[in-house]
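Presented below is the structure to which this report refers.
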Amino acid sequence: MEGNMNRFLAATSAAFAMILLSTLFCFAAEPFAVITPQQLKAMLDNKESVTVVIDSRSRAEYDQAHIPGAKSLPLHRMTADLSQLGPHNDSKLVFYCSGST
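Position in the sequence shown (first residue = 1) + 87 = my numbering.
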């Protein structure tokens, strides 16, 4: 019974962390936007600002191919590993995956 409760608490904590994370992004200074590959290239070429590209696909997909300079941060690990990105207060974060959303 205790094992089931621990699994429930772990799952609930992970779900809460994802909700909290998405809520924090909703209150960001700028809203989310869908950008084109050309817009991403322009952002990366702009030396006056910092753009961090984050590949949220699985590590296996990242290893097969990824945008040069992108950091691998699979969606299922995002809440646990978000700190690996370090401080990016003035940076634009660009997330991409293999889906259409």
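We put the CB at the ideal spot given by N, CA and C, even for glycine.
- For L127, there is no enclosing beta strand (DSSP E); the enclosing alpha helix (DSSP H) has its first and last residue at 124 to 132.
- In the DSSP annotation of this structure, D177 is not part of any beta strand (DSSP E), being labelled neither H nor E.
- Exposure of S136 is indicated by the presence of fewer than 16 other C-beta atoms within 10 angstroms of its C-beta.
- In this structure, the straight-line span from the alpha carbon of L160 to that of N133 is close to 24 Å.
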